[in-house]
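Here our numbering is used: the first residue of the sequence shown is 517, the next is one more, and so on.
Below is one structure, written out as structure tokens, with a few remarks after it.
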Amino acid sequence: MGSLATGRIGPWRTALLLGRVSNLPTVWSNVIAASALAGGGALLSTAVTALAISLMYVGGMYLNDAFDREIDARERPERPIPSGSIAPELVFAVGAALLVIGIVLLAFEREEAGLAGLALGAAIILYNWHHKGNPVAPFVMGLCRALVYVAAGLVVFPDVQFDVLVPAAALLAYVAGLTFTARLENVDRVTSLWPLSLLAAPVIVAAVAGAFSPLSLLIYVMLAAVGWRVATLLRRRAAGDVSQAVALLIAAISLVDALFATTTGVHYAAIACLLCFGLTLVLQRFVPAT
């Protein structure tokens, strides 16, 4: 790690921070849940899909910092680009390359998945290009996660399935609510509570789908605990509380995936998603989630 006195950080730490790699397990759980919802895919194919989406996620995070470099220079000068740890041109190049590689990997798995990857790449670029001050940007971010479900589902089955689309739409709503909350991170206060209602969409969809097994009931309890903790943080509004709430909501994406996986009866997929939740919480202790 570089000297804190100069404000620079080492190259590996820079790469980890730019990619927000602590959140990658939530991408893996997205792929696991979507694959289960689509009927279940081969282990190798699921792993390749998870790798492809992971590359696209990291690429999107790189592009986010590259596009936001001037705003970060004012609001978050410790970020890698404004701190001088890496050149923005290199961040743009790496981010774009990772998106392309991810799309190509999806296309090798199945042509239809590659087309979904192109749509995902376009949504990632659109969000990063114009999200500051854009009232619909949180829904574009939600669309990115929904398209992960679509792409992973298409790797398993060549047609978009209703059983994948409905959970994907619920995940879109959840991530939009999360993103609305994340927008308040720099001001460290909550000015409107209505976006938080979007977070309930996955629970409603899962309940309608009849997710009431012992495992799903455990996940409901875990989601309730997350909701209680987030509400406590947002109500207290001490310094850093909004950031902690956002990080926990990001980790809970894997809980949402686990809940959806229980609706398929494939409990090992749900358990894998639960492990992703725990891993995300551990990794966030070392690499900030936002």
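Ideal placement from N, C-alpha and C gives every residue a C-beta, glycine not left out.
Item	Value
Cβ-Cβ distance between VAL547 and ALA566 below 8 Å	yes
Range covered by the alpha helix (DSSP H) that runs through TRP710	First-last for TRP710: undefined, no H or E at that position.
Run of the alpha helix (DSSP H) containing ASN539, from where it starts to where it stops	From DSSP, ASN539 is part of no alpha helix (DSSP H); its letter is neither H nor E.
Exposure of SER545, with buried meaning 16 or more beta-carbon neighbours within 10 Å	buried
Rounded separation between VAL803 and VAL537 - CA only	7 Å
THR796 in three-state terms, based on DSSP	helix
Nearest candidate by alpha-carbon position, reference PHE583, set ILE641, ALA613, GLY556	ILE641
CB contact flag (VAL676, VAL691, <8 Å)	no
Segments assigned alpha helix (DSSP H), at least 4 residues, entirely inside the region 591-650	604-625, 627-645
Of the residues LEU799, ALA747, ALA755, ALA717, the one placed nearest ASP773, counting alpha carbons only	ALA717
Where ALA684 falls: helix, strand or coil (DSSP)	helix
CB contact below 8 Å: PHE673 versus chain C	Within the model displayed, chain C is absent; a lone protein chain is all it includes.
Nearest-angstrom beta carbon gap, SER551 and THR562 [assumed within contact, 8 Å]	5 Å
Outcome for ILE619 when other beta-carbon atoms lying within 10 angstroms are tallied against a minimum of 16	buried
Per-residue DSSP class, three states only, for ALA722	helix
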